[in-house]
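Asks:
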Amino acid sequence: MSTVSLDEVCDAIYELVKATHGKKNLKPMDLTKAMIEQFGEDRCDKKLCKDAIRHLVDTGRCQYKYEGGSYITLPSGAK
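Throughout the sequence shown, residue numbering follows this note's numbering, covering 20 to 98 in sequence.
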């Protein structure tokens, strides 16, 4: 089985952040664990998840939020 593409992981992380927006703050490690669980350890690793989070933040689809810890959220005004 081949590894998951960066775009697939980005989309999955974005959907998870969107689904929990306003209900729960997700740390980068929470997202990484969820993606490895969703896609399997043989197809998705920590580096791929880190690259996907960086891509989402760099493109403005998500942002870092610091509130007693580091969280990934949707940009202000996003729904």
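Cβ atoms here follow ideal geometry from the backbone N, Cα and C, with glycine treated the same way.
Looking only at its own chain, which residues have a Cβ that is under 7 Å from the Cβ of S89, when we skip the five neighbours before and after it?
Replies: For the purposes of this step, residue 89 is taken as residue 70 along the sequence shown, with counting starting at 1. Answer for S89: K46, P47 and Y83, listed in chain order.
Asks: Would T39 and L67 be called neighbours here (beta carbons separated by less than 8 Å)?
Replies: Against the sequence shown, residue 39 aligns to sequence position 20. Against the sequence shown, residue 67 aligns to sequence position 48. The answer is no: Cβ separation not under 8 Å.
Asks: Got a sec, what are the start and stop residues for the alpha helix (DSSP H) T22 sits in?
Replies: Residue 22 sits at position 3 when you count from the first residue of the sequence shown. Run containing T22: none; DSSP gives neither H nor E here.
Asks: Count the other CB atoms within 10 Å of the CB of T78; is the residue buried (16 or more) or exposed (fewer)?
Replies: On the sequence shown, position 59 is the one that residue 78 refers to. It counts as exposed.
Asks: Per the DSSP calculation, I91 is bridged to which residue(s)?
Replies: Taking the sequence shown and counting its residues from 1, the one referred to as residue 91 is at position 72. DSSP output for I91 lists L45 and Y83 as bridge partner(s).
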